[in-house]
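Enquirer: Mind the numbering: the sequence shown is residues 4 to 128 in the working numbering, read in order. Even for Gly, the Cβ is constructed at its ideal location relative to N, Cα and C.
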Amino acid sequence: MEVLQQNIETIFKQTDETSVENINAKLETLQKELLKRANAKRDYNDIENEIHRLKELKQNTLVECAGRDGMKQRMCEMEDFLRGQNTRIEEYDEQLVRRLIEKVIIYGGKFEVVFKSGVRVEVDI
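Next comes the structure, spelled out in structure tokens:
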């Protein structure tokens, strides 16, 4: 349960230089510079290319954020479900497996359990 909580916290804290706010700030600065150069009749192709690149990066970041939000929600649901369990699990529970596990991948000498939350656990055989 502690590992699950740490994974949830890691996802919530994920911010970096590609955040939408940072990209918007850079775009605003570049757009102002573009106007200055255009009014001065100077070349602005480099700025135009950078603006295009940042717009693509922003779109990709928005898609990533949506995926991360979905994962956060699934992890929170898993945590709520596990906290709601009032007994120790001592035998196979089909309902629990179907609710929590997306798939099991078997390799030579180990297997990997992929939870619906996105968490992956490797187990050596």
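Residues in its own chain within less than 6 Å of ILE108 by CB, not counting five upstream and five downstream?
Expert: For the purposes of this step, residue 108 is taken as the residue at position 105 of the sequence shown. Here the set comprises GLU115.
Enquirer: Thinking just about the alpha-carbon of each residue, which of LYS58, GLU36 and ARG86 is nearest to the one in ILE26?
Expert: As a position in the sequence shown, residue 26 is number 23, starting the count at 1. The candidate whose alpha carbon is nearest that of ILE26 is LYS58.
Enquirer: Could you spell out where the beta strand (DSSP E) holding GLU105 opens and where it closes?
Expert: Indexing the sequence shown from 1 puts residue 105 at position 102. Element bounds for GLU105: 104 to 110.
Enquirer: Indicate whether PHE84 and ILE104 have their beta-carbon atoms separated by less than 7 Å.
Expert: Here residue 84 refers to the residue found at position 81 of the sequence shown. Here residue 104 refers to the residue found at position 101 of the sequence shown. Contact: no.
Enquirer: Mind checking who GLU31 pairs with in its DSSP beta bridge?
Expert: Residue numbering aside, residue 31 sits at position 28 when the sequence shown is read from its first letter. Answer is none; GLU31 lacks a bridge partner.
Enquirer: Spatial neighbours of TYR47 within its chain, please: CB distance less than 7 Å, with the 5 preceding and 5 following residues excluded, ordered by chain position.
Expert: Position 44 of the sequence shown, counted from the start, is the residue given in the question as residue 47. Only LEU37, ARG40 and ALA41 meet the Cβ criterion.
Enquirer: Note down, in chain order, each residue of its chain lying with its Cβ closer than 8 Å to the Cβ of LYS61, except the 5 sequence neighbours on either side.
Expert: As a working mapping, residue 61 is identified with position 58 in the sequence shown. Once the five neighbours on either side are set aside, the close Cβ partners of LYS61 are VAL23, ILE26, ASN27 and LEU30.
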